[in-house]
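In UniProt numbering, the protein residues as written are 1 to 251.
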């Protein structure tokens with residue numbers, strides 16, 4: 001499960017890595033890649049980026065973690081995605097040297113990381129939150145592919161809600177929109193007089209018909225009342241009386 005640039009994990013680190021990979025959803029990952037294929041490329045996307053995207057099968061339904069990593073690791077498919085979602089800015093964003101494949105391995109390695117970093121910044125510009133974003137090594141070193149899938153899925157949700165989106169409609173779930181309400185002054189004042197249930201509710205509570213501690217005396221049952229007031233609990237009495245604590249506190 002390692003990319004070849006990092007030593008294989010062992011012990012507790014390997015256990016943690018395995019737990020992370022258990023969250024990998026092969027169908028959701030395939031859905032992300034299929035979405036990439038369904039996007040319409042613009043004329044300003046280079047042939048290298050188009051070729052990288054075309055390596056993804058059109059009707060992909062499931063994808064292994066290793067294959068998912070291989071499709072995205074070099075960052076070319078991510079650049080293709082940027083060009084499709086921002087066609088008006090494709091020439092400006094994708095005209096830099098980082099998007100050109102270098103014939104020198106050491107330079108190409110650095111460029112691959114730069115491409116991934118540029119894509120992460122692009123996701124933030126599109127509205128993807130920090131909780132859904134991933135870090136460069138999580139994709140490049142294959143340390144957290146489930147987070148990469150989450151980020152790309154959220155990018156689809158955000159992109160679908162943008163004007164000028166040229167991808168398949170309804171492919172992702174609908175983005176939540178603001179439902180703002182305007183209240184009049186009268187309604188706001190009326191709301192101030194309402195006591196919320198979290199403050200406590202005693203309406204309808206009474207001791208009608210409730211008898212506790214019934215005792216037998218001379219062959220008859222005499223009721224012993226447990227009296228309550230809002231603040232005190234009195235000892236049982238043979239008949240109802242006023243709360244003495246409340247009576248004394250009034251003086």
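For glycine and all other residues, C-beta sits at the position ideal for the given N, C-alpha and C.
For residue i, is the classification buried or exposed, using 16 other Cβ atoms within 10 angstroms of its Cβ as the cut-off for buried?
i: residue 82; result: buried
i: residue 216; result: Note that residue 216 has pLDDT 49, beneath the 50 cutoff, so the model's placement of it is unreliable and the number below is only indicative. Counting Cβ neighbours within 10 Å, residue 216 comes out exposed, since fewer than 16 surround it.
i: residue 122; result: buried
i: residue 47; result: exposed
i: residue 156; result: buried
i: residue 162; result: exposed
i: residue 18; result: exposed
i: residue 86; result: buried
i: residue 84; result: buried
i: residue 116; result: buried
i: residue 15; result: exposed
i: residue 144; result: buried
i: residue 23; result: exposed
Would you kindly work out how many angstroms separate the C-alpha atoms of residue i and residue j, rounded to a whole number?
i: residue 74; j: residue 100; result: 11 Å
i: residue 172; j: residue 193; result: 44 Å
i: residue 59; j: residue 32; result: 12 Å
i: residue 63; j: residue 29; result: 7 Å
i: residue 185; j: residue 191; result: 10 Å
i: residue 114; j: residue 166; result: 26 Å
i: residue 95; j: residue 189; result: 59 Å
i: residue 12; j: residue 26; result: 25 Å
i: residue 142; j: residue 38; result: 25 Å
i: residue 112; j: residue 187; result: 58 Å
i: residue 134; j: residue 52; result: 21 Å
i: residue 67; j: residue 164; result: 31 Å
i: residue 131; j: residue 105; result: 33 Å
Starting from the Cα of residue i, find the closest Cα among the options and give me that residue.
i: residue 93; options: 141, 125 and 148; result: 125
i: residue 154; options: 14, 120, 114 and 19; result: 120
i: residue 146; options: 69, 13 and 36; result: 69
i: residue 44; options: 168, 80, 148 and 183; result: 80
i: residue 108; options: 132, 77 and 98; result: 98
i: residue 35; options: 168, 76, 141 and 128; result: 168
i: residue 174; options: 187, 160, 23 and 151; result: 160
i: residue 55; options: 76, 23 and 91; result: 76
i: residue 151; options: 136, 164 and 141; result: 136
i: residue 91; options: 181, 183, 41 and 158; result: 41
i: residue 72; options: 127, 138, 158 and 106; result: 138
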